[in-house]
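Basically my numbering = 1-based index in the sequence shown + 4.
For each residue, glycine too, the CB sits at the ideal point set by N, CA and C.
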Amino acid sequence: MANMLFANFNQDYSCVSVGTRGGYSIINCDPFGRVYTQNDGGRGIVEMLFCTSLIALVGAPDTPSSSPPQAPNRQHKTPVDDMRAAFSPAAS
Numbered sequence: 005m006a007n008m009l010f011a012n013f014n015q016d017y018s019c020v021s022v023g024t025r026g027g028y029s030i031i032n033c034d035p036f037g038r039v040y041t042q043n044d045g046g047r048g049i050v051e052m053l054f055c056t057s058l059i060a061l062v063g064a065p066d067t068p069s070s071s072p073p074q075a076p077n078r079q080h081k082t083p084v085d086d087m088r089a090a091f092s093p094a095a096s
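What follows is the structure, given as structure tokens:
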């Protein structure tokens, strides 16, 4: 990932959030793979709450305008969402 500014595990170490000069990514640890990527401006800090769609974003130092004024409503699909869908009564 070019120009990485930040990388951190979530609370249960199941995902890594990565901030870059171009945006951010959420990476699943097991199985390893990129879950979500958004290229919408530099991110100096990216924090994910456990394995949920709640993500805190802070703009890069040279692009503070990319910090949203309030918590973003990022609804991306997580491995937990996939598991819930597979085992929900509506799926059978």
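Residues near residue i in its chain [Cβ-Cβ closer than 6 angstroms; skip 5 each side]
i, result
"C33", "S18"
"I31", "V20, R38"
Nearest neighbour of residue i, chosen from the options [CA to CA]
i, options, result
"P35", "E51, T41, V20", "V20"
"N43", "L61, Q15, C55", "L61"
"D66", "L53, I49, I59, N14", "I49"
Residue j beta carbon less than 8 angstroms from that of residue i
i, j, result
"R38", "L9", "no"
"G27", "T41", "yes"
"N12", "F54", "no"
Close Cβ partners of residue i (< 7 angstroms) along its chain, the five nearest in sequence each way excluded
i, result
"R25", "N7, L9, G46, A64"
Residues near residue i by beta carbon distance below 8 angstroms, same chain, minus five either side
i, result
"D16", "F54, C55"
DSSP beta-bridge partners of residue i
i, result
"L53", "According to DSSP, which records beta bridges pairwise, L53 is partnered with nothing at all."
"A11", "V22"
"N32", "C19, G37"
"G63", "R47"
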